[in-house]
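In my numbering, the protein residues as written are 1027 to 2044.
The structure appears right after this line, and notes come after that.
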């Protein structure tokens, strides 16, 4: 047989087409396993809304359930940027102002510091918001009427590549010696004011280092390093020589820094202003404050330490390995099982420690130990100066109501006794009696606790205003874990005081007890601003939950190593004010690299090792009580569940909801509960749209065009590709102590979310500033649970008024970033309830906060998302949350969807696939982790189906009452849309299959000697 001359070409083509077919086929298979991730990355929705006849929904048919106050992105963005400037101006805290250095009298200034050329606008990670077009320090100073005389030095900073390193977190400051040797050295020192900018930045996934940081003093990132100190020393020399008039320090950091340098004579600082991270336009407000056009009125939401390592919580901040854990086999993911941290300080976080130990020193309490307040605290919680002076007087307290409705109404007269207009925060503190019953039952009481606040309007000199603050009696209770298991009112005397800050509050109460400076007080208090009331012991009034009236029981014994049944020989001695000296653990560095050696050491036990792993042994045995599924008796669409025929909202408990839920199949239930990557999934059969639920909390992180039902997309706004407004850090928002302003911020964030098409907002951040070193301090408000909860409640309510449900996060005890995935967080129940849970409780009780994002960490040995007592018994049973819970970014190495749903954690923050039917559990199956528990499957379990039904109920009820339903009416339906990339891959598969077949056939015919040409006659 004679070989074809073109056979080689046919072989090559056949091989090419076959290889391409194989590549496309397997590429399609891999892509199908990551459908959700690909769609999310490309911004593609797999469903769309059409009319019942299949035609597109036009503008006239488009249902809109929540209206915007704005007509364009440009107007909304302008309002947001103006509000950023206002919030920064009111939240910035004046820490020091010797000789009335501020506001500045002259217009010539010089700028120093790496942060002067690289400002901190926000944090990093999922909560980062665009700071595009944000101004520089030089820009805002010049716009504010100042002349920056050392522009040459700022140019030199850039040329020499100084400026904070965002990638490595280095400060990257120039030394004073190098500055003086630069060509720009002559540009400063001509009588101007020197402004030194100190900057630090934190973010997701990493905490800030207190040791071993490459660019911090002694490895401490939150302490001024050698070069920064050299600049202050150099500026002090210039000031002493008369070459500069004064030194002003701006602290551009959400995280509090060690503040000893502010008052050290070697550095000569005349004025200091904490500005946090400033958002997009907040720097303009800094210039406003320096010029005097804005009078600062912010109050610190945290204690500022002389040295941050004097905070006792620092002795147990980090991640530690259980001793003996190497004797247990946790596979390749050991670190999500064998790490822990202990909150040994208990309730004594921040000012609760500093003021309580101070009071005990003054009272002469035994075992108080060596404690000098002024050597520990630089600026107390609530502290903040003004350009004017205020006097608080005529405090009146009225008690009203009965039972849990009991409220104290506190009126305080505030008078501006200074020379310029200003605002004043009125802070109300309470003290509970510390009794023998407390000591016997391990209940701790702080000397003072913030229980409420208010703020004046702008007061002109000589003007007065009466500020009214209402305090629920509930805030006077203490949780009694070891005794009654409920919240109690102890027998004894309770105090209220109105004060400038936590330390002034402690001094006021000490004055009411007859104490003076001669007794060891730092300054005399004002007993006239104190009210006291006596109580008898009461363990009945608050034996039911403040939020719901349901029974209160001890729920978190397993989070306290001392009460955990499988503790073995493990135990912890928590700080107690009955023995400060014997129980306070302090950061104790080793002699080599400075690592702390003084922390609570725990050993892995068999029970801990068993409890950290979620498996089928933790799932209840099938009881056979299956819910009705797949019913065809009704054909309701989700929109039908919004309101009845009379226009009244259909309650969550209405029988119609049960009929509606009966329609859902097991596959649909598993689909709803298996998918939650910045969304809730569409269920076309019931008209449930896919929603866009995305990141915060410092503002909307995405472009206005991201959501298909966002106002920007619907109106085809010309600025729809812009990104939402970046607000100052939550610490600055809290520092305003101004509910009206916080509400306005929430309203604008809600508007941004509406225009971007969000239905749900991943924020706001309610974890506690347990120490200054937590990476996400910028996302959270305060070291105080009540301030956090009150501020967050106002912001949450305002956002939700726009139809956007809020996922407050990270629920709970996710107060650090280091080893957050799976770390065992041990905390006693009193501290857990009174500090950390209270931050989440108050937005739910006061503002009907709808949702939470649960945390990566464990409470004790149990992952928080799979802890029934947390997710259901407390969150729904006591606090009364009605919406749903999403995990933080799902990690299948230790998380489990069946376990989380059984606990009450409704959806995961992930998207595994598409089908929801494969019982064998293929990776491409949407609900594969639930499929094995379906009716007739190998592990069939009716309780999981019941749990999914309840989760579906929460999700659907929340969504139908949100702006996620915009566009949907009785005349529309949801249809599936195949993503373009999937269509392309399918088309290519068929094309290459056909080409491979044809080329192979062609080759075979050639080999067989078949030819389509006619043979020539001989």
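Even glycine gets a Cβ: it sits at the ideal position worked out from N, Cα and C.
Are the beta-carbon atoms of residue 1136 and residue 1175 separated by less than 8 Å?
Cβ distance < 8 Å, so residue 1136 and residue 1175 count as in contact.
Can you look up residue 1699 in the DSSP assignment and give me helix, strand or coil?
Judged by DSSP in its simplified three-state form, residue 1699 adopts helix.
Buried versus exposed call for residue 1738 [16 or more other C-beta atoms within 10 Å across all chains shown]:
Buried is the call here.
Hey, would you say residue 1527 sits closer than 8 Å to residue 1551, going by beta carbons?
With respect to the 8 Å criterion, residue 1527 and residue 1551 are not classified as neighbours on the basis of their beta carbons.
Where does the unbroken alpha helix (DSSP H) through residue 1453 begin, and where does it stop?
In this chain, residue 1453 is not harboured by any alpha helix (DSSP H); it is covered by the beta strand (DSSP E) spanning 1451-1457.
Fully enclosed by the segment 1744-1832, which alpha helix (DSSP H) runs are 4 residues long or longer?
Qualifying alpha helix (DSSP H) stretches, in chain order: 1756-1761, 1765-1782 and 1811-1826.
Indicate the three-state DSSP secondary structure (helix, strand or coil) for residue 1836 in the structure shown.
Strand at residue 1836.
Is it buried or exposed for residue 1328, if we count other Cβ within 10 angstroms and need 16 for buried?
With 16 or more other CB atoms across the displayed protein chains lying within 10 angstroms of its CB, residue 1328 is buried.
Out of curiosity, what's the CA-to-CA distance linking residue 1530 and residue 1264?
For residue 1530 and residue 1264, the distance between alpha carbons rounds to 36 Å.
So, are the CB atoms of residue 1363 and residue 1346 less than 8 Å apart?
No. Outside cutoff.
Top-ranked residue by Cα proximity to residue 1689, from 1696, 1662, 1677 and 1713:
Ranking the options by Cα distance to residue 1689, first place goes to 1662.
Residue 1141 versus residue 1278 - alpha carbon distance
Whole-angstrom Cα-Cα distance: 8 Å.
Relative to the C-alpha of residue 995, which residue among 1252, 1668 and 1221 is closest?
In the structure as shown, the chain starts at 1027 and stops at 2044, and residue 995 therefore has no counterpart that could be examined.
Do you know whose CA, among 1146, 1585 and 1709, lies nearest residue 1855's CA?
Taking only the C-alpha atoms, the option nearest residue 1855 is 1585.
Go to residue 1879, then tell me how far its alpha helix (DSSP H) extends in each direction, as first and last residue.
From DSSP, residue 1879 is part of no alpha helix (DSSP H) but of the beta strand (DSSP E) over 1877-1880.
Return helix, strand or coil for residue 1622, following the three-state DSSP convention.
Under the three-state reduction of DSSP, residue 1622 is assigned to strand.
Please work out which residues of its chain come closer than 6 Å, Cβ to Cβ, to residue 1208, disregarding the five sequence neighbours upstream and downstream, and give them in chain order.
Excluding residues within five positions, the ones whose Cβ falls inside 6 Å are 1182.
Taking the straight line between their C-alpha atoms, what separation do you get for residue 1446 and residue 1316?
Here the alpha carbons of residue 1316 and residue 1446 stand approximately 15 Å from one another.
Quick one: what's got a C-beta closer than 6 Å to residue 2051's C-beta in the same chain, skipping five residues either side?
Only positions 1027 to 2044 of the chain appear in the structure, and residue 2051 is not among them; the question remains open.
Tell me which same chain residues have a C-beta within less than 8 Å of the C-beta of residue 1619, skipping the five on either side of it?
Counting only Cβ-Cβ distances below 8 Å, and skipping sequence neighbours, we find 1237, 1238 and 1245.
One or two residues paired with residue 1375 in a DSSP bridge
According to DSSP, residue 1375 bridges with nothing at all.
Buried versus exposed call for residue 2016 [16 or more other C-beta atoms within 10 Å across all chains shown]
Classification for residue 2016: exposed.
Can you check the segment 1989-2029 for any beta strand (DSSP E) of at least 3 residues that lies completely inside it and give the ranges in chain order?
With a minimum length of 3 residues, the unbroken runs of beta strand (DSSP E) contained wholly in the segment 1989-2029 fall at 1998-2002.
Counting C-beta neighbours from all protein chains within 10 Å, is the total for residue 1871 16 or more, i.e. buried, or is it exposed?
Here residue 1871 is buried: its Cβ has 16 or more other Cβ atoms, across all protein chains shown, within 10 Å.
What does the Cβ neighbour count give for residue 1781, buried or exposed, with the cut at 16 atoms within 10 Å?
Of the residues assessed, residue 1781 falls on the buried side of the cut-off, its CB having 16 or more other CB atoms within 10 angstroms.
Between which two residues does the beta strand (DSSP E) containing residue 1300 stretch?
In the DSSP assignment, residue 1300 falls within the beta strand (DSSP E) that extends over 1297-1300.
According to DSSP, which residues form a beta bridge with residue 1220?
Bridge partners of residue 1220: 1136 and 1273.
Any heavy atom of the ligand ZN inside 7 Å of the beta-carbon of residue 1516?
You won't find the ligand ZN in this model; it holds no ligand whatsoever.
Can you give me the Cβ contacts of residue 1510 inside the same chain, cut-off strictly under 7 Å, excluding the 5 residues immediately before and after it?
Answer for residue 1510: 1565, listed in chain order.
Quick one: measure Cβ to Cβ for residue 1302 and residue 1757, integer angstroms, because I've assumed they're closer than 8 Å.
Contact between residue 1302 and residue 1757 holds: their C-beta atoms lie close to 5 Å from each other, under 8 Å.
Please classify residue 1330: does DSSP put it in a helix, a strand, or coil?
Residue 1330: strand per DSSP, three-state reduction.
Do residue 1324 and residue 1654 have their C-beta atoms within less than 8 Å of each other?
Residue 1654 sits away from residue 1324, with the two beta carbons spaced by 8 Å or more.
Entirely within the segment 1093-1128 and at least 4 residues each: give me those alpha helix (DSSP H) ranges in chain order.
Here the runs fully enclosed are 1099-1117.
Tell me which same chain residues have a C-beta within less than 6 Å of the C-beta of residue 1651, skipping the five on either side of it?
Counting only Cβ-Cβ distances below 6 Å, and skipping sequence neighbours, we find 1968.
Are the Cβ atoms of residue 1559 and residue 1887 separated by less than 8 Å?
Not closer than 8 Å, so no.
Close-in-space but distant-in-sequence residues of the same chain around residue 1477 (CB under 7 Å, 5 per side omitted):
Result list for residue 1477: 1454, 1455, 1456, 1497, 1501 and 1812, in chain order.
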